[in-house]
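K.L.:
Residue numbers (the working numbering): 536 to 648. Sharing a structure below in C-alpha cells format, with a few things to ask.
Okay, structure coming up:
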C-alpha cells in the first residue's frame with residue numbers, strides 16, 4: 536500500500552471535496568480520485584460516500600481515517616526524532632554508526648519492523 540493514501544484520506548475527510556483536497560495535496564483531482572478508488576478496491580469497502588454537499592466518510596472510512604491520522608502522527612514523530620539525532624551527531628554527542636536495537640522512542644511507543 537502506498538503510504539501517501541493516509542494523507543489523501545485524511546485531507547479528503549477534512550475538506551469534503553476532491554477538488555479542494557487535491558489542490559491542497561498538490562495533485563490532480565483525477566489522481567486523488569484514482570488513488571482512493573484503488574484503495575477502496577484493495578480493501579473491498581467504500582471509504583467515502585458522495586452527495587450534493589460533497590463527500591463524507593463511511594463507517595469504514597472513519598476507521599481507516601483514524602488509523603491514517605495515527606500513522607501520520609507517528610511518521611512526523613519519527614522524522615523529528617531522526618532530525619534530533621542528526622543534529623546531535625553534528626555536534627558530536629550521538630553515537631553515529633554504532634550498532635543499536637529497535638526499541639522505544641521519546642513518544643513511548645515501540646517501533647516495529
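Beta carbons are placed, not taken as given, at the ideal position from N, Cα and C, and that holds for glycine.
Going by beta-carbon coordinates alone, are residue 596 and residue 550 separated by less than 9 Å?
P.N.:
Here residue 596 refers to the residue found at position 61 when the chain shown is read from its first residue. Here residue 550 refers to the residue found at position 15 when the chain shown is read from its first residue. No, the pair does not count as a contact, with Cβ atoms beyond the cut-off.
K.L.:
Counting Cβ pairs, one atom from each stretch, are 3 or more of them under 8 Å apart for the segment 596-614 and the segment 559-569?
P.N.:
no
K.L.:
Exposed or buried, residue 582, counting other C-beta atoms within 10 Å across all chains shown (16 or more means buried)?
P.N.:
On the chain shown, residue 582 is found 47 positions in, with the first residue counted as 1. Flag for residue 582 reads buried.
K.L.:
On the three-state DSSP scale, how would you describe residue 627?
P.N.:
In the chain shown, the residue the question calls residue 627 occupies position 92. Correct three-state label for residue 627: coil.
K.L.:
For residue 598, count the other beta carbons within 10 Å of its own beta carbon; 16 or more makes it buried, fewer makes it exposed. Which is it?
P.N.:
As a position in the chain shown, residue 598 is number 63, starting the count at 1. The residue is exposed, with fewer than 16 neighbouring Cβ atoms inside 10 Å.
K.L.:
Exposed or buried, residue 626, counting other C-beta atoms within 10 Å across all chains shown (16 or more means buried)?
P.N.:
In the chain shown, the residue the question calls residue 626 occupies position 91. Answer is exposed; the Cβ neighbour count stays below 16.
K.L.:
Under three-state DSSP, which class holds residue 580?
P.N.:
Counted from its first residue, the chain shown places residue 580 at position 45. Coil at residue 580, not helix or strand.
K.L.:
Kindly list the residues whose CB is nearer than 7 Å to the CB of residue 540, restricted to its own chain and excluding five residues on each side of it in sequence; keep chain order.
P.N.:
To locate residue 540, count along the chain shown from 1; it is residue 5. Within the same chain, residue 540 has close Cβ partners 570 and 574.
K.L.:
Please report how far the alpha carbon of residue 553 lies from the alpha carbon of residue 624, in whole angstroms.
P.N.:
On the chain shown, residue 553 is found 18 positions in, with the first residue counted as 1. On the chain shown, residue 624 is found 89 positions in, with the first residue counted as 1. Distance between the alpha carbons of residue 553 and residue 624: 42 Å.
K.L.:
Helix, strand or coil for residue 596 per DSSP?
P.N.:
Stepping through the chain shown from its first residue, residue 596 is reached at position 61. Secondary structure at residue 596: helix, using DSSP grouped into helix, strand and coil.
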